[in-house]
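Residue numbers (my numbering): 19 to 103. Here a beta-carbon is modelled for each residue, glycine too, at the ideal position from N, C-alpha and C. The structure presented is a predicted model; accordingly, all values stated were derived computationally and were not measured.
Given below as structure tokens:
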């Protein structure tokens, strides 16, 4: 059983309206964090604003190190996406 707690924080700037949004997702399931990151990366790729979204990963309340961040992006990039017709 995983005893680590993962917190994924997404920051969505919107320069056109000077407003921004935040999403915070907390889970103990690494695969669910990977799935949420894959969704975030997919939405960011389709985002029409000039400012890309930022995201941060915390593990047990501490910022994740570079290796864990790279591992998350690699897993999310390879995560199977649903086929759209």
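Query                                                                          : Result
First and last residue of the uninterrupted alpha helix (DSSP H) at residue 39 : Element bounds for residue 39: not the alpha helix (DSSP H) but the beta strand (DSSP E), 37-45.
Proximity of residue 77 and residue 29 at Cβ, strictly below 8 Å               : no
Simplified DSSP assignment, three categories, for residue 82                   : coil
Residue 96 versus residue 37: straight-line alpha-carbon distance, rounded     : 31 Å
Beta-carbon spacing of residue 46, residue 22 below 8 Å                        : yes
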